[in-house]
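With the numbering used here, letter number 172 in the sequence shown gets 165, and the count goes up by one each step, no holes.
Glycine included, every Cβ here is placed at the ideal spot set by N, Cα and C.
Structure record follows, encoded as structure tokens.
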Amino acid sequence: MTTTTRTLRLGTRASQLARTQSQTVADAITAASGVPVELVHISTEGDRSAAAITQLGGTGVFVTAIRAALLEGTVDVAVHSYKDLPTAPEPGLVLAAVPPREDPRDALVARNRLTLGELPAGSRIGTGAPRRVAQLRALGLGLEVVPIRGNVDTRMARVVPGDLDAVVLARAGLARLGRLDAVTETLDPLQVLPAPAQGALAVECRADDESTLELLAALDDAGARACVLAERTTLAALEAGCSAPVAAYAELAEGDDGAELYLRASVTAIDGSDGVRGSSTGPVGDAERLGRELAADLLDRGAAELMAAAR
């Protein structure tokens, strides 16, 4: 392996979760190569505004400034929550590694440690994601879904004695922050299917930075990369952004001829009144094909109309 004596500068958002995620990657780089890593905190549009992500333009609000710093050479590496990335590639940058993925499922944090099914009709449940809003409404539990933003602690603080009965968060973020004790239920994907790439990190560097590319290769998890590729190919083929009511979740399974991907995806009306869901299975090497074919199936069954109504 080609090593370097310089300290790698790693660009990250400044939130506690982003810093925790990025420090994990920094530690892994140093452990694999001996190269020291310095975190560089970067403020993004999504961090500076309290507006809903859809009002800010949706996809990219948490990554544009970090990618700009990477292209300018202010930092050498960038770490993102993978689900925040636009599906189109960024010229001049390359996805150098997808580290092992945390549990991608959603988690409920509720008063009195209630589960989703135990919350009384009329309970106020907070989430900022249209995907979660749509799927929670589709369950027909009579819950009032309240739009919220803010970091993990800010959201959880709104549960009693706050103004909400529960919030839904990504389980991965709670795991990385050591807050799994607050989870009252990990939601079954049969109820609430996760967002494409939820729980995964994306480690980027400049495409022409060969020494950094070589360093980061040691962090890549082939299984996580394949699962996320299938999920995000579905999202891209649907021509939907990260703020659309689209869910996709791929799992590795052992098939007759070796490892396979089992991919599920759904598009749900924002009011929960309608939805389409499908699945596909195939070889790990066919991740992109599986995503495209599943998206085509969903579009044939009305996904475009459901997404258009949600805008």
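Can you tell me the Cα-Cα spacing of residue i and residue j, whole angstroms?
{"i": "Val152", "j": "Ser236", "result": "24 Å"}
{"i": "Leu209", "j": "Pro154", "result": "44 Å"}
{"i": "Pro97", "j": "Asp201", "result": "32 Å"}
{"i": "Ala288", "j": "Thr227", "result": "5 Å"}
{"i": "Glu111", "j": "Ala217", "result": "33 Å"}
{"i": "Arg225", "j": "Thr80", "result": "7 Å"}
{"i": "Leu188", "j": "Ser74", "result": "With the sequence shown as reference, residue 188 is identified as Ala, and Leu is not the correct amino acid for it. The straight-line gap from Cα to Cα measures roughly 12 Å."}
{"i": "Ala243", "j": "Ala219", "result": "9 Å"}
{"i": "Thr261", "j": "Arg294", "result": "12 Å"}
{"i": "Ala296", "j": "Arg142", "result": "27 Å"}
{"i": "Gly359", "j": "Ser116", "result": "In the structure as shown, the chain begins at -6 and stops at 304. Residue 359 is therefore absent and cannot be evaluated."}
{"i": "Asp213", "j": "Gly135", "result": "43 Å"}
{"i": "Ala301", "j": "Pro140", "result": "20 Å"}
{"i": "Leu86", "j": "Arg199", "result": "4 Å"}
{"i": "Arg164", "j": "Val138", "result": "19 Å"}
{"i": "His34", "j": "Ala229", "result": "29 Å"}
{"i": "Arg60", "j": "Leu206", "result": "16 Å"}
{"i": "Ala89", "j": "Leu256", "result": "23 Å"}
{"i": "Val28", "j": "Asp20", "result": "10 Å"}
{"i": "Glu178", "j": "Glu286", "result": "32 Å"}
{"i": "Gly278", "j": "Glu65", "result": "34 Å"}
{"i": "Val56", "j": "Gly166", "result": "17 Å"}
{"i": "Thr17", "j": "Glu281", "result": "28 Å"}
Is the beta carbon of residue j closer than 8 Å to that of residue i?
{"i": "Glu197", "j": "Leu101", "result": "no"}
{"i": "Pro238", "j": "Arg124", "result": "yes"}
{"i": "Leu299", "j": "Ala258", "result": "no"}
{"i": "Ala223", "j": "Leu254", "result": "yes"}
{"i": "Ala168", "j": "Glu95", "result": "yes"}
{"i": "Ala131", "j": "Gly284", "result": "no"}
{"i": "Val145", "j": "Arg104", "result": "no"}
{"i": "Leu170", "j": "Leu32", "result": "no"}
{"i": "Gln185", "j": "Asp267", "result": "Per the sequence presented here, residue 185 reads as Val, with Gln not at that position. No, the pair does not count as a contact, with Cβ atoms beyond the cut-off."}
{"i": "Val221", "j": "Ala246", "result": "no"}
{"i": "Leu180", "j": "Leu109", "result": "yes"}
{"i": "Val126", "j": "Ile22", "result": "no"}
{"i": "Val91", "j": "Ala24", "result": "no"}
{"i": "Met149", "j": "Ala122", "result": "no"}
{"i": "Ala195", "j": "Leu78", "result": "yes"}
{"i": "Ala58", "j": "Ser36", "result": "yes"}
{"i": "Gln128", "j": "Ala240", "result": "yes"}
Helix, strand or coil for residue i, going by three-state DSSP, please let me know.
{"i": "Glu197", "result": "strand"}
{"i": "Leu107", "result": "coil"}
{"i": "Leu101", "result": "strand"}
{"i": "Thr147", "result": "helix"}
{"i": "Val139", "result": "strand"}
{"i": "Ser8", "result": "coil"}
{"i": "Ile59", "result": "helix"}
{"i": "Ile22", "result": "helix"}
{"i": "Gly155", "result": "coil"}
{"i": "Ser236", "result": "coil"}
{"i": "Glu178", "result": "strand"}
{"i": "Leu208", "result": "helix"}
{"i": "Leu231", "result": "coil"}
{"i": "Gly216", "result": "helix"}
{"i": "Leu170", "result": "coil"}
{"i": "Ala122", "result": "coil"}
{"i": "Arg282", "result": "helix"}
{"i": "Val221", "result": "helix"}
{"i": "Ala308", "result": "Summary: the structure shown does not reach residue 308, with the chain confined to residues -6 through 304, and so no result is reported for it."}
Can you check DSSP and say which residues form a bridge with residue i?
{"i": "Arg2", "result": "Glu31"}
{"i": "Pro276", "result": "Glu253"}
{"i": "Ser74", "result": "Leu194"}
{"i": "Ala163", "result": "Asp99"}
{"i": "Ala241", "result": "Ala258"}
{"i": "Val87", "result": "Cys198"}
For the ligand GTP, I want to know if residue i counts as a neighbour, meaning its beta carbon is within less than 7 Å of at least one of the ligand's heavy atoms.
{"i": "Ala25", "result": "Ligands in the displayed structure: none, and consequently the ligand GTP is not present."}
Can you check whether the C-beta of residue i is within less than 8 Å of a C-beta belonging to chain D?
{"i": "Val138", "result": "Annotation note: the requested chain D is absent from the structure, which comprises a single protein chain."}
Would the region 261 to 277 count as touching the region 156 to 173 if we require 3 or more Cβ pairs under 8 Å?
no
For the region 69 to 83 against the region -3 to 14, are there 3 or more C-beta pairs whose distance is under 8 Å?
When Cβ pairs closer than 8 Å are counted between the two stretches, the region 69 to 83 is seen to touch the region -3 to 14, the count reaching three or more.
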